[in-house]
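Below: one structure, written as structure tokens.
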Amino acid sequence: MSAFDTAFHYRPNDYDSLLFHLRRQENGLYDYVVRLITSRMEKSALANVTPGEDFVRAIRPASRGYGYMEKDGRPFNCNVFGEILGPRHGTLMSARYNHFPGEDRFNPIPLKDSNRSTKGIIVIGCPSLSSPALTDAWHNQLTTAVELRDYDAKWERETNSVPRAGAKEFVKNTHHPKDPDVAPDCMVLTGPPMYTVPPQGTQSAPTKNSPSEPRVSARDNMKKRRIGSSGESVSVKNEPSGPSTSTGVVPPSNGSNASRSVTAATSTTTSLKVYPSGDQIFVGATYEPHLQHDYGGKSFDQVHARLVQPDFRDVSQRLICPWDFYDKLRPGTLIMANIDISVFVMDGRKASMMPIYHANILSLRVLGESDVPVDKPRPYQTPSVVPSGPSGESFNNFEIPDFQGTTGETRSSTPLSSLPATPTLTIEESVSAPGTSSGSSSDTIEENISATQEEQNEDIMMFGEDVLVNYDVADTELDTSPATVTRKGKGKGKKAVH
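Residue numbers in the sequence shown follow UniProt numbering, run continuously in steps of one, and reach 498 at the last position.
Here it is, written out as structure tokens:
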């Protein structure tokens, strides 16, 4: 199985890794997670809370949805853990994230600036080689999610607002994802929006109401020169900032392999990818979307959109940039996420009041890395249309053997095309009068064919006679003895049926 297939279809325990075995060791990572949930997090863990007791439903003003809050009025959020599943089960962390490209692979619906709600999706399951205590904690997480839906369903019955189309929860079963009656085994987490469009026009010409910028004159551009150096300047006074270079890179001063710093305005027209570093990476920072490895092609039609840095961190608490998601958040990675839960109620003729649950990621941290093989993502390539052509040589370049066997009689190997057409019998010719033999039909046929054709097709004619003799609709009292056919000679002769 290729690396793509392994990662795409991945479910916990599908891949044997030493890293997974190390997690299970005594006083290892799994025991540490259990202690976090049972001792330190207490009501901050989803596994330890009960809907209706520890948090209640909270209506959001001017919204068709609702959320949850603690009884003291604070917004409810909690911590969940699990192992990342492959894209086959719903994880969407490519450059398109949860944007739906349509069903036409040749003309995908492109991602545009207007698609501002594009979010990443991470589906988690029970960790591989999970210890019994960790399995119980995972089960309690799912149970709380199921109890949450039961809590809301009770409120809907009391207020006579039961949805006719059911509900879409944030837990599901990987084998039966659309069956609400099957016990869930995974949890769907929704990340923050990954693209934003900054306000446009802030750098344009000043309006009438805004003060104009001071005009830069030739006087302001005067520079002192080093005497005898052909006008080389040694200092600059009020030098206006010129346009950024095509790469937006400040070259190293000594020509060594020193790290390059990225200017604030990196050009989007360059083919080189200059990745930010250091202080340029922080929660909420925006980057050029093309820094993602699979960004480009017909799937994207963004002009002003910027890529947003979420609060996703690795085991060392360093932020995970979006172009590293494929590696740092690969299938098999053990994570813990701080989430809140919101419900959006779709009110329409088709949806029929369907509540849709979202477990929104506020922050995420990697607890255990994974070594499940993955491929570096690439831009989506539209399949090429191959015109249809003639059949290949493998279809035409062979001969059919002669499968015609011998039955004791010598038959001429006459091609099918040389066989005469079978005469068509009329009703008067095929049905005999009562008390007469059906052989009269063969007499009629023999009078219309030549002697040579009759000799070549003797077997065919005899077969036709037997059929007519055995199926005489006029004679209702047929002899049970088999009919025999005799010939009196070649040429035009009569056939007697006994």
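Don't be surprised by glycine CBs; every beta carbon is placed ideally from N, CA and C.
Determine the direct distance from the alpha carbon of residue j to that of residue i, and round the result to whole angstroms.
| i | j | result |
| --- | --- | --- |
| A305 | Y97 | 14 Å |
| Q280 | V274 | 12 Å |
| S318 | L329 | Here residue 318 is Arg; the residue named in the question, Ser, does not match the sequence. Each residue's alpha carbon lies about 13 Å from the other. |
| R88 | H176 | 13 Å |
| S2 | Y326 | 16 Å |
| D16 | F4 | 16 Å |
| K376 | E83 | 20 Å |
| V372 | P108 | 30 Å |
| S210 | M187 | Here the model assigns S210 a pLDDT of 44, short of 50, so the residue's position is not dependable, and the following value carries that caveat. Computed Cα separation, rounded: 51 Å. |
| K224 | S217 | 16 Å |
| E103 | K298 | 14 Å |
Just verifying my parser: in three-state terms, what is the DSSP assignment at residue i?
| i | result |
| --- | --- |
| P322 | helix |
| A47 | helix |
| F20 | helix |
| E158 | helix |
| H358 | strand |
| L148 | helix |
| F312 | strand |
| T196 | strand |
| S39 | helix |
| D294 | coil |
| residue 539 | Only positions 1 to 498 of the chain appear in this structure, which leaves residue 539 out of reach. |
| D327 | helix |
| T286 | strand |
| Y32 | helix |
| D279 | helix |
| F4 | helix |
| D340 | strand |
What do you get for residue i, buried or exposed, if any count of 16 or more other CB atoms within 10 angstroms of its CB means buried?
| i | result |
| --- | --- |
| D152 | buried |
| L22 | exposed |
| Y380 | buried |
| A62 | exposed |
| residue 502 | Nothing in the structure corresponds to residue 502, since the chain is present only between 1 and 498. |
| E465 | Reliability of the predicted coordinates at E465 is poor, the pLDDT of 44 falling under 50, and the value obtained from them is presented with this limitation in mind. With 16 or more other Cβ atoms within 10 Å, it is buried. |
| Q25 | exposed |
| Q141 | buried |
| S39 | exposed |
Is residue i near residue j, with beta carbons less than 8 Å apart?
| i | j | result |
| --- | --- | --- |
| I335 | F344 | no |
| G67 | S342 | yes |
| L291 | V33 | no |
| A145 | V171 | yes |
| M354 | A167 | yes |
| N338 | S363 | yes |
When the Cα of residue i is compared with those of the options, which residue comes out closest?
| i | options | result |
| --- | --- | --- |
| T174 | P184, N27, G166, P180 | P184 |
| G278 | I320, G297, Q302 | I320 |
| Q309 | P198, P192, L92 | P192 |
| R365 | T144, F312, P180, G297 | F312 |
| V11 | D179, G166, K154, I122 | It should be noted that the sequence gives Arg, not Val, for residue 11. Nearest of D179, G166, K154, I122 to R11, Cα basis: I122. |
| T91 | L367, P383, T333 | T333 |
| E288 | Y295, L307, G296 | L307 |
| A7 | M93, T38, A58 | M93 |
| G28 | S114, L129, K43 | L129 |
| N79 | I361, L85, D72, C126 | I361 |
| P127 | P331, A359, M346, D179 | P331 |
| M346 | R64, S44, N13, I37 | R64 |
| L272 | H293, G284, V283 | H293 |
Looking at chain D, is there any beta carbon in it that lies within less than 8 Å of the beta carbon of residue i?
| i | result |
| --- | --- |
| Y326 | Among the chains of the structure shown, chain D does not appear; only one protein chain is present. |
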